[in-house]
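Chains as they are written, first to last, in this note's numbering: chain L, 5 to 176; chain R, 34 to 608.
This is the structure we're talking about:
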């Protein structure tokens, strides 16, 4: 709190040097982990993105549903796209549309966008979370590695009905 | 306590005057004194508002109680974020800037009118935003107000008023230092605490400018003047304000840590160069961390995210790890020099645990570093963020940093501001003795409850997670830990506000007689100047215990960090 002595630029002590070196090496390790995982890891944040208008995206979703619909659950279509195909998921207040039926171990190109506000794609209990922003077609290339019924929770606040915005993914 | 000290004009015939503090021997400008009191009072008022909201929303997320309906939950959550993250902390920091740029330099306040203008704008903005959120249903948009969620224009206007007011106050900080230098009020370099506050002030300038870049277009958009506002661009600018604002808090908090350590244990920084370099690392690299919030956003490349979120190689994290060593090390050396030399931790056992300035410092450092820092670096890692984004792990992290860290330290510091600046006797000293433990302990439970809930996928900002139907039974337990922690922390908050109000509203104003509140008649601040180089360098006084502590910290850090990579490796493949 008080003014330092005139000359305070002094060499570091042995312990300070030790800690500084160790801490710096740890920071380098933290940094290197990200590119390492980028090249060798199986779980990376998707980066593929396209600009899209609401109308364009809504049209793609409808086309996708008409092509691959296999059922219906409470008025929401259940859609089973073939492995390797483009899959479309629409977020709007307060609904995920449609219900997706995927196969375990197969690859899909999942397109997500929002019709109105920002939403949060939170796949549970797998616990994968992505931000969904209107005007952006966010493409995630996914491989379901477990079978069962999964829930999509919205985890970005989107007005008062936010907590009721729940969707479904079925993996066989 | 004695009668009020007389004031002296700074120059013959000048209206501006100062008093000499009998305890610290520092000169206190009377403008500064009034500005500090005004800012501190507003800080406590907004803390009370945000704290009330905290209690109610915590009791709602505690599923067994689930107190509020959805409308009020989201409304009070919006209020809580704004009052706590912005109003309470920034008001307190403004008081700190006035203090640092004048009292610690024995200098006068060179721009009191400008400072009052800033204060008034902040007060109007701060109170207005509370009113808008409470009475306008449309303005339940959270602290972040993500476009295209549209609040009332007054919502954005009050943000702008508050931010411009804060910017004006920050400018008076620089004016004061420049004038103090010109008038030769101090010699040589700035004291370390002022250097830290200067770091905070520089960070604050570009934080507030980026806030303007986000909020001004949003204001125009809410008025209909601007037709389209790209939500991705808004997020980029908003977080250019939102995260650095927390880093202003970090720099200010570390400055307060050094101050508390010196006031309660009489430290001399073990190496001024080391500590100052750590602050400079904040200055250059910490703003990059804003990108944390955009890690799972569309449209950004891996390289951009990795460079930014690693603070260009975790250099700002390095700064924090340096402080994490240098502050306890300085305490250890000072304690050992006093003769507390037994074993590795004798210095720590004999620390002034009953003195709120020390216990507040201790709780703040432990919670900030061991919980807040470790979880923050982990969830801020590009790929790991996919597991954590917008789950309760996020508020779990920042309640450890901003509440357990910054707020605990600021509360502890207030107990010294009351006798030294308000010149009122501190009442309820026995409460003050316990308050840091109660508040800090509660916050630890809040953070751990949130983090463990988030690990199980529980979303943040969600009124009722059971709608999702994916909640394992253990979530009831972890949310209950969060709820019970909140009750304890709020009790600590009520203790704080009661102590402050009881002290400033009752009893006459009088001059403080001693620095320590419960620790005795010593004056560690003045004694710290008597620590000689020989004592500092004596082999017996070296900080061996601290070295052990920081290595233990590193081990915990590594365990938590690596286990998150392990968790990530078990989830679906995604690219």
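Here a beta-carbon is modelled for each residue, glycine too, at the ideal position from N, C-alpha and C.
Beta-carbon to beta-carbon, residue 52 (chain L) and residue 143 (chain L) are separated by about 4 Å, close enough to satisfy the 8 Å threshold. For residue 531 (chain R), the uninterrupted alpha helix (DSSP H) run begins and ends at 507-538, by DSSP. The beta carbon of residue 350 (chain R) falls within 9 Å of a beta carbon belonging to chain L, placing the residue at that interface. Residue-level contact by beta carbon holds for residue 263 (chain R) and chain L, with a gap shorter than 9 Å. Within the stretch 397-424 of chain R, the residues whose Cβ lies closer than 8 Å to some Cβ of chain L are 410, 414, 415, 416, 418, 419, 420, 421, 422, 423 and 424, listed in chain order.
Listed along the chain, the chain L residues whose CB falls inside 9 Å of the CB of residue 295 (chain R) are 5 and 6. Counting the other CB atoms within 10 Å of its CB gives residue 575 (chain R) a total of 16 or more, which places it among the buried residues. Residue 185 (chain R) and residue 57 (chain L) have their C-alpha atoms spaced approximately 26 Å apart. Collapsing the DSSP output to three states places residue 333 (chain R) in coil. Going by DSSP, residue 133 (chain L) is part of no alpha helix (DSSP H) but of the beta strand (DSSP E) stretching over 132-136. Close partners of residue 562 (chain R) in chain L (Cβ separation under 8 Å): 6. Three or more beta-carbon pairs separated by less than 8 Å link the stretch 203-210 of chain R to the stretch 230-250 of chain R, which places the two stretches in contact. Bounds of the alpha helix (DSSP H) holding residue 244 (chain R) are 225-256. Around residue 124 (chain R), the same chain offers 72, 75 and 76 as residues with beta carbons nearer than 6 Å, after the five sequence neighbours per side are excluded. For residue 203 (chain R), the enclosing alpha helix (DSSP H) begins and ends at 186-215. Within chain R, not a single residue places a beta-carbon under 7 Å from that of residue 78 (chain L); the smallest gap is close to 14 Å.
By the neighbour-count criterion, in which 16 or more other beta carbons inside 10 Å mark a residue as buried, residue 43 (chain L) falls on the exposed side. Closest in C-alpha terms to residue 552 (chain R), from the list R:488, R:56 and R:387, comes R:387.
Within the stretch 26-56 of chain L, the residues whose Cβ lies closer than 8 Å to some Cβ of chain R are 26, 27, 28, 30, 31, 32, 34, 35, 37, 38, 39, 41, 42, 45, 46, 47, 48, 49, 50, 51 and 53, listed in chain order. For residue 457 (chain R), the secondary structure class from DSSP, reduced to helix, strand or coil, is coil. The shortest CA-to-CA distance from residue 559 (chain R) to any of R:301, R:536, R:442 and R:437 is the one to R:301. Of all residues in the stretch 153-182 of chain R, the ones placed with a Cβ closer than 7 Å to any Cβ belonging to chain L are 175, 179, 181 and 182, in chain order. Interface residue (Cβ-Cβ distance to chain L less than 9 Å): residue 450 (chain R) is not classified as such. In this structure, the beta-carbon distance from residue 114 (chain R) to residue 226 (chain R) does not fall below 9 Å. Taking a Cβ-Cβ cut-off of 7 Å, the neighbours of residue 606 (chain R) in chain L comprise 46, 47, 146, 147 and 149, given in sequence order. The criterion of a C-beta distance shorter than 9 Å is not satisfied by residue 408 (chain R) and residue 373 (chain R). Chain L places no beta carbon closer than 9 Å to that of residue 60 (chain R), leaving this residue out of the contacts.
About 6 Å separates the beta carbons of residue 102 (chain L) and residue 80 (chain L), which is inside the 8 Å limit, making them a contact pair. Residue-level contact check: residue 85 (chain L) does not touch chain R, since none of the beta carbons of chain R fall below 9 Å from its beta carbon. For residue 537 (chain R), not one C-beta of chain L is nearer than 9 Å to its own C-beta. The Cβ atoms of residue 122 (chain R) and residue 109 (chain R) do not sit closer than 9 Å to each other. Distance from the CA atom of residue 145 (chain L) to the CA atom of residue 145 (chain R), rounded to whole angstroms, is 59 Å.
Taking 9 Å as the threshold, the shortest C-beta distance from residue 128 (chain L) to chain R falls below it. Put simply, the backbone Cα of residue 90 (chain L) is about 31 Å away from that of residue 495 (chain R). Taking 3 residues as the minimum length, the beta strand (DSSP E) runs contained wholly in the stretch 8-89 of chain L are 53-55, 73-77 and 80-83, in order along the chain.
For residue 166 (chain R), the three-state secondary structure derived from DSSP is helix.
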